[in-house]
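Residues 134 to 832 in our numbering are what the sequence shown spells out, letter by letter. Written below as structure tokens is the structure these notes are about.
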Amino acid sequence: MHRFALAVVAIALTALSAGCRAEAPSGEAPVSLTIAFLPEDAGVMEDMLLRLPRVEPTLLAEAAPLRAAQASDVRWPIAVEADDTCDECYSVTRKDDVIHVRGGGLAGRQYGLAHALEVLGFRFFHPMKTQVPARVDDKAVAAALAEIDGLAFEPEMAVRGLHLHTLHPIESLFAFWKPGAENLEDARAVIDWVVKNRANYVQWVALGDIASDDKAYAAWVDHTRSVVDYAHARGVGVGTNVQQFGKSSLQNAYVLQKNEGTSAEVRAEIEAALERLLAVPFDYINLSFGEFFESHPEAFIESVQTTVDVIHDRYSHIPVGGTVHIGNYEGMWLDYEGERLHYYMLVKHVEGLEPWVHTVMYYNLFDDAGGSYYHDDFFEHRDFLIDALGRGEPAAYFPETAYWIAFDNSVPTYLPLYIKSRWKDMHDLRALAVEEGVPALDRHIVFSSGWEWGYWQQDYATLRMNYAIPDDWKAFVREMFAPLGEGGARFGELVADFADVQYDALIGERLAAYLAGRDFYIDIGKVVDIASQPVRPLFGEVAAMDKEERDTLRRTVVDPMNIFAAAMEDILVEAASLGNLAENAFVAETLDGMEVTVLRARFIARLYQATLAHAGDESAQPVLREAEALAFAARTVVARRGRNFFYTTNLLTEGDRNPTIYPFGYLKQAHNLCLWERELSEVRQLVDGTDSGVPLCIF
Numbered sequence: 134m135h136r137f138a139l140a141v142v143a144i145a146l147t148a149l150s151a152g153c154r155a156e157a158p159s160g161e162a163p164v165s166l167t168i169a170f171l172p173e174d175a176g177v178m179e180d181m182l183l184r185l186p187r188v189e190p191t192l193l194a195e196a197a198p199l200r201a202a203q204a205s206d207v208r209w210p211i212a213v214e215a216d217d218t219c220d221e222c223y224s225v226t227r228k229d230d231v232i233h234v235r236g237g238g239l240a241g242r243q244y245g246l247a248h249a250l251e252v253l254g255f256r257f258f259h260p261m262k263t264q265v266p267a268r269v270d271d272k273a274v275a276a277a278l279a280e281i282d283g284l285a286f287e288p289e290m291a292v293r294g295l296h297l298h299t300l301h302p303i304e305s306l307f308a309f310w311k312p313g314a315e316n317l318e319d320a321r322a323v324i325d326w327v328v329k330n331r332a333n334y335v336q337w338v339a340l341g342d343i344a345s346d347d348k349a350y351a352a353w354v355d356h357t358r359s360v361v362d363y364a365h366a367r368g369v370g371v372g373t374n375v376q377q378f379g380k381s382s383l384q385n386a387y388v389l390q391k392n393e394g395t396s397a398e399v400r401a402e403i404e405a406a407l408e409r410l411l412a413v414p415f416d417y418i419n420l421s422f423g424e425f426f427e428s429h430p431e432a433f434i435e436s437v438q439t440t441v442d443v444i445h446d447r448y449s450h451i452p453v454g455g456t457v458h459i460g461n462y463e464g465m466w467l468d469y470e471g472e473r474l475h476y477y478m479l480v481k482h483v484e485g486l487e488p489w490v491h492t493v494m495y496y497n498l499f500d501d502a503g504g505s506y507y508h509d510d511f512f513e514h515r516d517f518l519i520d521a522l523g524r525g526e527p528a529a530y531f532p533e534t535a536y537w538i539a540f541d542n543s544v545p546t547y548l549p550l551y552i553k554s555r556w557k558d559m560h561d562l563r564a565l566a567v568e569e570g571v572p573a574l575d576r577h578i579v580f581s582s583g584w585e586w587g588y589w590q591q592d593y594a595t596l597r598m599n600y601a602i603p604d605d606w607k608a609f610v611r612e613m614f615a616p617l618g619e620g621g622a623r624f625g626e627l628v629a630d631f632a633d634v635q636y637d638a639l640i641g642e643r644l645a646a647y648l649a650g651r652d653f654y655i656d657i658g659k660v661v662d663i664a665s666q667p668v669r670p671l672f673g674e675v676a677a678m679d680k681e682e683r684d685t686l687r688r689t690v691v692d693p694m695n696i697f698a699a700a701m702e703d704i705l706v707e708a709a710s711l712g713n714l715a716e717n718a719f720v721a722e723t724l725d726g727m728e729v730t731v732l733r734a735r736f737i738a739r740l741y742q743a744t745l746a747h748a749g750d751e752s753a754q755p756v757l758r759e760a761e762a763l764a765f766a767a768r769t770v771v772a773r774r775g776r777n778f779f780y781t782t783n784l785l786t787e788g789d790r791n792p793t794i795y796p797f798g799y800l801k802q803a804h805n806l807c808l809w810e811r812e813l814s815e816v817r818q819l820v821d822g823t824d825s826g827v828p829l830c831i832f
């Protein structure tokens, strides 16, 4: 049987077998837990247990928690006590059949309890859903405790957390920005999840709707104060991100400086904007400076310095960071004070501003960047970060775990490659710091853009690796899924293998542009020579190629894309065959993600193959029909996943009035497969010579 036919059969069988796999088996027995802790920790310990389904906890607030736990008749009771180590340090040991947690401060005791629960088989994968073990496996618990016996856990990064990109209509927009009791509870759930994954910082983007609407502003203040108060009670610092310049704010961000004017006028405008924003007790301000824009160096430095000075004068306890973005465009590199600098690197000349070095997508500081924002690599940004550390200045690394706009989860695709790249950055930066003799990076904030389609994995893994950078990232991924019954560790290995295959193809062979989609704005950007994601030839450009160019495209793109798809499919077939593991909701989602990504790779290869056939005066219709069949199969997967999202579906997949510039949830285009339909329409027009219209995929 032809390889393509085999692929369709395998994928169809996987889809049929997965039809009822999203929910855990009904009738699972509740998990009984006894947890003893100090009376002063009662509130946070109750919160640690609040959102765990099927758990029947006995909570004991006692002056001597270990003694209270030892008196329990529940198997593997947990005692949480204090010790004299650092605030975020902890240990987890076995005292007879008690899991004994000792933490230096409230944070350490929370982290230690989370680790103890993980020993029992819990996994805090998603803010809205926790993996609860079907049963507690005595042998596995004993083995896990033996493995960590005598270890003292201490964070490698001082600041570890999430930037929730609420400029986009993601889950966090509703939870953190839109007032309401249900949204407030969701925000608390996210903070709880952050704590359980050993992080200590959360920030989100401030939006412009509160700048002039007093009613919206008052509701926002009440909601946001409640969120911040809860975060502080859990030991989590809270920041907000704002735009410095109105002229470079392409989305509906909260802007500090909208107008030009005298120094006094600019300062007065910035003071007023900050006074309104800082009615909420934020702990940190992160400044952004837009994309694709630049201004005169002296004007940039003067304005940003004014903002920093105002904050330090009026709110002296609040540090300020500035995002060092990317963009290898004409005019973005300049000579300033005898040094060749990228425009955003001018932040080094602002006194009191901490640089946050940003990279995008799943690219990292050590590998090829695929032409993203026209960068072949991000080595200059890596060197800038190392130089800042070498000067002893506070500096942060600020990478992404999703890009959204037409690139990954809006396609949709499942990309555990992000986990490998985020690990590589942390691991290799640590080694480079030793080699260069500079202090180690101690601030790592993840730019997060949504959690469905398996993207929670990227945030979960990165937060955990921030606390303790593993020597082997694959071992960490295996451990993620190990409690999920027979085959769990093997499933984790297959997820890591999937990431490796993607790393080789998407970064190593520069196929990223083809797996990604393209909407109307991305195509317009190409016309005016501005690109965010890596660029690929449009179908009309392929049709105009000569034979040598077409042969090169076939050899360097179409054939490797088919090989890439086959390698992912082999992993998918084995992963789907691991007994009843697919009954688990997290595994089911991962399998759906693997499947739709295989389909996407085959689909785009078929479209380019059809275009090449048409350009060479061959019949393109058979290959085009194969592409249509792949899109049909993808609709089945997308529909199934849409019924099993962890978050409220209509907010993510339908139109919605919200304070961003996007009048729809971030998964609307993915749910409708609009980016696929756009590409199909373009190729149909070429092959059939008809103009049936091409969807824009921007509404």
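Think of the CB as a built atom: it goes at the ideal place given N, C-alpha and C, for glycine as much as any other residue.
For this session: Give me the Cβ distance between residue 667 and residue 504, rounded to the nearest whole Å; I'm assuming they're in contact under 8 Å.
Result: Residue numbering aside, residue 667 sits at position 534 when the sequence shown is read from its first letter. Residue numbering aside, residue 504 sits at position 371 when the sequence shown is read from its first letter. With 8 Å as the limit, residue 667 and residue 504 qualify as a contact, their Cβ atoms being about 4 Å apart.
Exercise. Quick one: Cα of residue 412 to Cα of residue 477, how far?
Worked result: By 1-based counting over the sequence shown, the position of residue 412 is 279. By 1-based counting over the sequence shown, the position of residue 477 is 344. In a straight line, the C-alpha of residue 412 is about 29 Å away from that of residue 477.
For this session: Please classify residue 513: is it buried, with 16 or more other beta-carbons within 10 angstroms of its beta-carbon, or exposed?
Result: The residue given as residue 513 occupies position 380 in the sequence shown. Counting Cβ neighbours within 10 Å, residue 513 comes out buried, since at least 16 surround it.
Problem set entry | residue 584 (DSSP reduced to helix, strand or coil) | As a position in the sequence shown, residue 584 is number 451, starting the count at 1. Of the three classes helix, strand and coil, the one that applies to residue 584 here is coil, per DSSP.
Exercise. In chain order, what residues of the same chain have a beta carbon less than 6 Å from the beta carbon of residue 231, not counting five sequence neighbours either side?
Worked result: Counted from its first residue, the sequence shown places residue 231 at position 98. Same-chain partners within the cutoff: 202, 203, 210 and 212.
Problem set entry | Span of the alpha helix (DSSP H) around residue 658 | Here residue 658 refers to the residue found at position 525 of the sequence shown. Counting along the chain, the alpha helix (DSSP H) containing residue 658 begins and ends at 653-660.
Exercise. What distance in whole Å lies between the Cβ atoms of residue 246 and residue 234, which are believed to be in contact at a cut-off of 8 Å?
Worked result: By 1-based counting over the sequence shown, the position of residue 234 is 101. By 1-based counting over the sequence shown, the position of residue 246 is 113. With 8 Å as the limit, residue 234 and residue 246 qualify as a contact, their Cβ atoms being about 6 Å apart.
Exercise. Got a sec? Which residues, its chain only, sit under 6 Å from residue 725 by beta carbon, not counting five neighbours each side?
Worked result: Along the sequence shown, one-based indexing puts residue 725 at 592. Counting only Cβ-Cβ distances below 6 Å, and skipping sequence neighbours, we find 770 and 774.
Exercise. In chain order, what residues of the same chain have a beta carbon less than 7 Å from the beta carbon of residue 708, not counting five sequence neighbours either side?
Worked result: The residue given as residue 708 occupies position 575 in the sequence shown. Closer than 7 Å at the Cβ level, and outside the excluded window around residue 708, lie 624, 627, 724 and 727.
Problem set entry | For residue 516, the nearest candidate out of 561, 549, 192 and 179 (CA to CA) | Here residue 516 refers to the residue found at position 383 when the sequence shown is read from its first residue. Answer by Cα proximity: 561.
Exercise. Can you give the beta carbon distance from residue 424 to residue 458, rounded, assuming they're within the 8 Å contact cut?
Worked result: In the sequence shown, counting from the first residue as 1, residue 424 sits at position 291. In the sequence shown, counting from the first residue as 1, residue 458 sits at position 325. Confirmed, Cβ separation roughly 6 Å.
Problem set entry | Continuous alpha helix (DSSP H) stretch holding residue 198: start and end | Stepping through the sequence shown from its first residue, residue 198 is reached at position 65. Taken as a continuous stretch (DSSP letters only), the alpha helix (DSSP H) holding residue 198 covers 198-203.
For this session: Measure the alpha-carbon distance for residue 254 versus residue 275 and round it to whole angstroms.
Result: If you number the sequence shown from 1, residue 254 lands on position 121. If you number the sequence shown from 1, residue 275 lands on position 142. So the alpha carbons of these two residues sit roughly 12 Å apart.
Exercise. Mind pulling the alpha helix (DSSP H) runs of 4 or more residues that sit fully within the segment 286-364?
Worked result: 314-329
Problem set entry | N-terminal and C-terminal residue of the alpha helix (DSSP H) that residue 693 is part of | Residue mapping note: residue 693 aligns to position 560 of the sequence shown, counting from 1. Unbroken alpha helix (DSSP H) run through residue 693: 692-709.
Exercise. So, helix, strand or coil for residue 775, using DSSP?
Worked result: Along the sequence shown, one-based indexing puts residue 775 at 642. Looking at residue 775 - three-state DSSP - the assignment turns out to be helix.
For this session: Could you check the C-alpha separation between residue 732 and residue 390 for me, to the nearest Å?
Result: As a working mapping, residue 732 is identified with position 599 in the sequence shown. As a working mapping, residue 390 is identified with position 257 in the sequence shown. Spanning the two alpha carbons is a distance of roughly 46 Å.
For this session: Have a look at residue 532 and residue 543 and give me their C-alpha separation to the nearest angstrom.
Result: Looking up residue 532 in the sequence shown gives position 399. Looking up residue 543 in the sequence shown gives position 410. Computed Cα separation, rounded: 19 Å.
Problem set entry | Close Cβ partners of residue 155 (< 6 Å) along its chain, the five nearest in sequence each way excluded | Start at 1 with the first residue of the sequence shown, and residue 155 comes out as number 22. Confidence at residue 155 is low in this model, with a pLDDT of 34, below 50, so the placement of that residue should be treated as unreliable; the coordinate-derived value is given next. The answer, listed in chain order, is 718, 721 and 777.
Exercise. Given that a residue counts as buried once 16 or more other Cβ atoms are within 10 Å of its Cβ, and exposed if not, what is residue 392?
Worked result: Here residue 392 refers to the residue found at position 259 of the sequence shown. It counts as exposed.
For this session: Give the range of the beta strand (DSSP E) segment to which residue 396 is assigned.
Result: In the sequence shown, residue 396 corresponds to position 263, counting from 1. Not the beta strand (DSSP E): residue 396 falls in the alpha helix (DSSP H), residues 396-410.
Exercise. How about residue 166 and residue 194: are their beta carbons less than 9 Å apart?
Worked result: Numbered from 1 along the sequence shown, position 33 holds the residue referred to as residue 166. Numbered from 1 along the sequence shown, position 61 holds the residue referred to as residue 194. Not in contact: residue 166 and residue 194 (Cβ atoms no closer than 9 Å).
Exercise. Nearest-angstrom Cα distance between residue 159 and residue 261?
Worked result: In the sequence shown, residue 159 corresponds to position 26, counting from 1. In the sequence shown, residue 261 corresponds to position 128, counting from 1. Confidence is the limiting factor: at residue 159 the pLDDT is only 47, short of 50, which leaves the residue's position unreliable and the question unanswerable from this model.
For this session: With DSSP as the reference, please indicate the residues paired to residue 601 in a beta bridge.
Result: Counted from its first residue, the sequence shown places residue 601 at position 468. Residue 601 is not bridged to any residue.
For this session: Could you say which of 566, 527, 492 and 575 lies nearest to residue 536 if we only look at CA atoms?
Result: The residue given as residue 536 occupies position 403 in the sequence shown. The candidate whose alpha carbon is nearest that of residue 536 is 492.
Exercise. Considering only residues of the same chain and omitting the five flanking positions on each side of residue 135, which have a CB-CB separation below 8 Å?
Worked result: Residue 135 sits at position 2 when you count from the first residue of the sequence shown. Only weak support exists for where residue 135 lies, its pLDDT of 37 falling under 50; the value from the coordinates is given anyway. Closer than 8 Å at the Cβ level, and outside the excluded window around residue 135, lies no residue.
Problem set entry | Presumed contact (8 Å Cβ cut-off) between residue 416 and residue 498, rounded CB distance | One-based indexing of the sequence shown puts residue 416 at position 283. One-based indexing of the sequence shown puts residue 498 at position 365. With 8 Å as the limit, residue 416 and residue 498 do not qualify as a contact, their Cβ atoms being about 27 Å apart.
Problem set entry | beta strand (DSSP E) segment containing residue 232, residue limits | Looking up residue 232 in the sequence shown gives position 99. Where residue 232 is concerned, the enclosing beta strand (DSSP E) stretches over 231-236.
Problem set entry | Classification of residue 377 by the beta-carbon crowding that lies within 10 angstroms, buried from 16 upward | Counting from one through the sequence shown, the residue named residue 377 turns up at place 244. Residue 377 is buried by the Cβ-count criterion.
Exercise. The beta strand (DSSP E) spanning residue 190 covers which residue range?
Worked result: Stepping through the sequence shown from its first residue, residue 190 is reached at position 57. Residues 188-194.
For this session: Would you mind listing the beta strand (DSSP E) stretches within the segment 410-492 that are 3+ residues and don't spill past its ends, in chain order?
Result: 417-421, 453-457, 466-469, 472-475 and 486-491
Exercise. Leaving out five residues before and five after residue 509 in sequence, what residues of the same chain have Cβ atoms less than 7 Å from its Cβ?
Worked result: Translated into positions along the sequence shown, residue 509 becomes position 376. So the list reads 501 and 502, once near-sequence residues are dropped.
Exercise. In or out: residue 434 buried (at least 16 other Cβ within 10 Å) or exposed?
Worked result: Within the sequence shown, numbered from 1, the residue matching residue 434 stands at position 301. Looking at its Cβ environment, which holds 16 or more other Cβ atoms inside 10 Å, residue 434 is buried.
Exercise. Near residue 734, what residues of its chain come up, given a Cβ to Cβ distance below 7 Å and the 5 sequence neighbours on each side ignored?
Worked result: By 1-based counting over the sequence shown, the position of residue 734 is 601. Correct list, in chain order: 648, 694, 697, 698 and 701.
Exercise. Using CA coordinates, which residue listed in 437, 593 and 421 is at the minimum distance from residue 402?
Worked result: Numbered from 1 along the sequence shown, position 269 holds the residue referred to as residue 402. Here the closest residue by C-alpha is 437.
For this session: Taking the CB atoms as reference points, tell me whether residue 343 and residue 268 lie closer together than 9 Å.
Result: Working through the sequence shown from its first residue, we reach residue 343 at position 210. Working through the sequence shown from its first residue, we reach residue 268 at position 135. Contact: no.
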